[in-house]
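For the sequence shown, the working numbering puts the final residue at 822, and the numbers step up evenly by one.
Cβ coordinates follow ideal geometry from the N, Cα and C atoms, glycine included.
Predicted, not measured: the structure shown is a model, and the values here were computed from it.
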Amino acid sequence: MVQVQDIFLAWILFPIFLLLISVSIGIGVRYLTKNIFDLSLVLPVGFASLILILQFLTFKKFTVVFALPIVMMLTAICIINARQVVLQYFRENRLQLLVGFITNAIYSVPIWASGAPTFAGWIKLDDGSTWLAFADRLTEAGRNTIGLQPSTYEATLQLNLSPSADKGPGYPIGAFLPLGGISKLIGVDSAWALQPYMSFLAGMLAMILFVALKNTVISPVIRACISVLSSCSSLLFGYAMWGGVKELLLAPFFAILIYFGISFSPGKNLIYPIVPFAIIASAFIAVAGPSGAIWVFVPLICLLVRVYRFYEISNVWRVVRSLFLVSLILCIPAIFISNILNLNSLFFFAKSSDDIGNLVGHIDRREVLGIWPSGDFRFPPNINQGPLNLALLIVLGLVLLGIFNSYKSKDFFVAIIAVNAFFYTLLFSFGNAWIGGKAMAVSSPFLLLAALVGIYWLLQSEHVVEAVLSSIIVGGGVVVSLALTYHEVWLAPYAQLKELQQIGDDQSLSGPTLMLEYSPYGSRHFLRNLTTESAGELRRNLIPLKSGQGVEKGNTADIDEFPLTSINPYKTLVLQRSPSASRPPSNYRLAYSKRFYEVWQQDIAAKNITEHISFGNISTAGEVPSCSRLKTIAERAGTGAFITTVVRDRNISVNLGQNVLPNKWSNGSEPGSVIAPNSGLISNKINIAETGNYSIWIGGSFRGQIKIFVDGKQELVDSSQINHAKFIELGQLTLSAGAHTIDLKYSNSIFKPGTGGYPFEFGPIVLSKSSTGLPLTTIKPSQIDSLCGKNLDWIEIQR
């Protein structure tokens, strides 16, 4: 039921609200400017206006409370006073809206096919957790960290949002304001609205192109196909599948800037005609930052040429001054956060950088043509490069043909936007890999657009055979590229993250809170209200291990690897469940346990711990200490003390790689694990010493589906678990004492999203009789012999 609610709120209500609000505000802008721009463009103008309104109202904390009420008030005013125009928009632009919906649907298919309201880019790019932190904070308290206690969430905001002399401008946040605002308005977590938001932006790009091509491609149906296909360039789609929000927004803004620049027409008032351009340009800078103003330069030149053509020289200067003044006013928040006087920091993006992180390397420049038959845009296609290069040369020829035809017909939109796509690709691809990748992602739809217009010219010129063959190459190339990306997409585990959301919303819990796993989405977003720090994440405190060193970013540690002084400052612990995880110290009690996480709270009534001795190692939580060692501990405790321990049942580990493996399977790097590039079946024999209820765990991650059979009967099944956890619980079974056969069947489906790509290693299977909420055993030192021969997690000396 909860999942259905999230699907409804995120995938139905969120885009409807965003569409209605943007269209309504856009109609209001059109009314105030005396209908100076076409009704079909109210959506992008209204969307840009929404960004600017929210940017102004979230800039200072005292105005944040008015942000969403003002947006809703403006929307209501526009709908009430211009309801006929609103209805006219939806009535007259049905085909344009259909173009947007189809594009939206194409970008949404990987999520829809998964059956869960999740998002893409999981692990591949954890920046999405930062985007969610921005969206949360900006609409809750504005661009500040006032009132926040030290935490991963607070550190993320402080590091990114505050301009400084050494770090340069604060991060531009325009792209995340509508996400946070509309999510808060309808009551859905912004994490579940992230992917619908990006799909909405892709649909808006297609709608803009549909309008911009009206004089170039006369046939509405062909124009719709060209608009949809060009908006689905493989590189832009690839960025959407790894969380690239800004690229999905900059592309439509750049397209409409070019269109407004070349289609400028005068009005009775000198200011009104430049207002739409100023709004889009200012919103572009709000999204890209002041350094992104270089993208506005060519559209601005186009606009000024048109102004010079229509006005006398005296009025030209008045228009230019008005444009500059309006844009300056609209950009005030962006200017204040830009640290604009620190030019070295402001333009640092143009320098080369070796810090490319998950991007792996510079993106291949050929990808800007919009076709890249690889499941991951960061890597080359796994095909013969000869045919690929030939196909891309044909696409390049079609691009040049489309540019030439656009120039020849004096409908310059395609020519100008495609030439600029080439220019920005060349300009940025030699510098910072991240900036170069963004520039290519933003540019790629427009080169693909030019290629499709080139095919249309062939068709119009009655070169039917050439047009058909070119359509197969270009259209087929795009479809294959998207299909491969769909096949290799990394989807976030909705059920696991939903648990974190529910824990974060639990009003009975209080912080500070500690997570020991690397969980940027947990610490930066879902658990932000619990003042959470993640030991392997960005944090304010070192949280040292017993070695004195902190956990390296991206890593996870067991709680027994930390001294009590590192754990005790935290009132709440949110820990991943695992058969190899140690129980927290005795001064923590289990609040509750879910499938993926346990929540522990500090017990203020617990005895004082003077010493905590851990047993076991990284792969198992317990061991059987020698009786002599136990006696030494008892002697050290002395009279008047108590000894508390945790007695654990031993786990049963099933080594998946010990028998003959299926074809192409191999042993993994972890003991008992395997690497399965294809479907197969493994059979193992185990012996159960005692009848009982056992949790069945699988180590590692897997893209496909795993089925567990016990004595030939299917018992458990799970699909597509990709995460940082060492183990995932598949379920629980009651097993009798004696011999059993456990079979693991692994299968992949080409139709399910995320089942392609390189295989992860998974295994071993672990059977655990007890791992959650293990009881404490407290004895006197004189009773230490009662622990001899038992498997112990740890021992504490208490007074």
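Contacting residues, own chain, Cβ-Cβ under 7 Å from residue i (five flanking each side not counted)
i: residue 762; result: 708, 710
i: residue 168; result: 177, 180, 181
i: residue 144; result: 151, 264, 265, 266, 513
i: residue 89; result: 80
i: residue 744; result: 516, 724, 725, 751
i: residue 770; result: 702, 727, 728
i: residue 649; result: none
Closest Cα partner of residue i within the set the options
i: residue 56; options: 288, 360, 592; result: 288
i: residue 353; options: 326, 313, 392, 336; result: 313
i: residue 75; options: 290, 172, 284, 351; result: 351
i: residue 147; options: 498, 267, 112; result: 267
i: residue 728; options: 719, 601, 332, 699; result: 699
i: residue 184; options: 158, 685, 658, 207; result: 158
i: residue 154; options: 200, 742, 535; result: 200
i: residue 669; options: 638, 662, 730, 657; result: 638
i: residue 283; options: 572, 310, 329; result: 329
i: residue 53; options: 309, 300, 231, 208; result: 300
i: residue 355; options: 83, 781, 131, 63; result: 83
i: residue 587; options: 571, 600, 602; result: 571
i: residue 477; options: 489, 467, 466; result: 489
i: residue 205; options: 162, 101, 233, 243; result: 162
Through-space distance from residue j to residue i, alpha-carbon basis
i: residue 632; j: residue 797; result: 18 Å
i: residue 306; j: residue 61; result: 19 Å
i: residue 785; j: residue 438; result: 51 Å
i: residue 623; j: residue 630; result: 17 Å
i: residue 549; j: residue 261; result: 26 Å
i: residue 248; j: residue 122; result: 8 Å
i: residue 239; j: residue 434; result: 7 Å
i: residue 188; j: residue 360; result: Note that residue 188 scores 42 on pLDDT, short of 50, meaning its location in the model is unreliable; the coordinates nonetheless yield the value given after this. One C-alpha to the other measures close to 12 Å.
i: residue 390; j: residue 400; result: 8 Å
i: residue 802; j: residue 718; result: 29 Å
i: residue 8; j: residue 776; result: The question about residue 8 has no answer, for the chain in this structure spans 24 to 822.
i: residue 722; j: residue 524; result: 24 Å
i: residue 166; j: residue 245; result: 45 Å
i: residue 78; j: residue 627; result: 44 Å
i: residue 492; j: residue 393; result: 17 Å
i: residue 444; j: residue 541; result: 38 Å
i: residue 446; j: residue 259; result: 18 Å
i: residue 755; j: residue 740; result: 11 Å
i: residue 788; j: residue 309; result: 50 Å
i: residue 364; j: residue 358; result: Because residue 364 carries a pLDDT of 49, less than 50, the predicted location of this residue cannot be relied on, and the following value inherits that uncertainty. Going by the C-alpha atoms only, they are around 10 Å apart.
i: residue 479; j: residue 522; result: 51 Å
i: residue 33; j: residue 42; result: 13 Å
i: residue 654; j: residue 806; result: 10 Å
i: residue 731; j: residue 681; result: 17 Å
i: residue 713; j: residue 596; result: 32 Å
i: residue 535; j: residue 160; result: 18 Å
i: residue 793; j: residue 684; result: 30 Å
Contacts around residue i, its chain only, beta-carbon distance under 8 Å, and the 5 residues preceding and following it disregarded
i: residue 452; result: 385, 386, 388, 459, 462, 463
i: residue 227; result: 66, 67, 70, 123, 275
i: residue 647; result: 812, 813, 814, 815
i: residue 580; result: 539, 558, 559, 568, 574
i: residue 303; result: 67, 68, 71, 276, 279, 280, 283
Residue i (DSSP reduced to helix, strand or coil)
i: residue 243; result: helix
i: residue 730; result: strand
i: residue 84; result: helix
i: residue 750; result: strand
i: residue 585; result: coil
i: residue 725; result: strand
i: residue 816; result: strand
i: residue 188; result: Confidence in residue 188 is poor, its pLDDT being 42 and thus under 50, which makes the residue's placement unreliable; the coordinate value appears in the next sentence. Note: residue 188 maps to coil in three-state DSSP.
i: residue 593; result: coil
i: residue 133; result: helix
i: residue 194; result: coil
6 Å Cβ shell around residue i - same chain, five flanking residues per side excluded
i: residue 473; result: 422, 425, 426, 437, 441
i: residue 417; result: 496
i: residue 376; result: Note that residue 376 scores 48 on pLDDT, short of 50, meaning its location in the model is unreliable; the coordinates nonetheless yield the value given after this. So the qualifying residues of the chain are 455.
*asked:* Taking contact to mean 3 or more Cβ pairs, one atom from each stretch, closer than 8 Å, check whether the segment 310 to 321 and the segment 264 to 283 are in contact.
replied: yes
*asked:* Closer than 8 Å is the cut-off here; do at least three beta carbon pairs connect the segment 469 to 489 with the segment 399 to 413?
replied: no
*Count the C-beta pairs between the segment 293 to 307 and the segment 495 to 509 that are closer than 8 Å, then say yes if the count reaches three, no if not.*
no
*Answer yes if the segment 204 to 223 comes into contact with the segment 111 to 130, meaning at least three C-beta pairs across the two stretches below 8 Å, and no otherwise.*
yes
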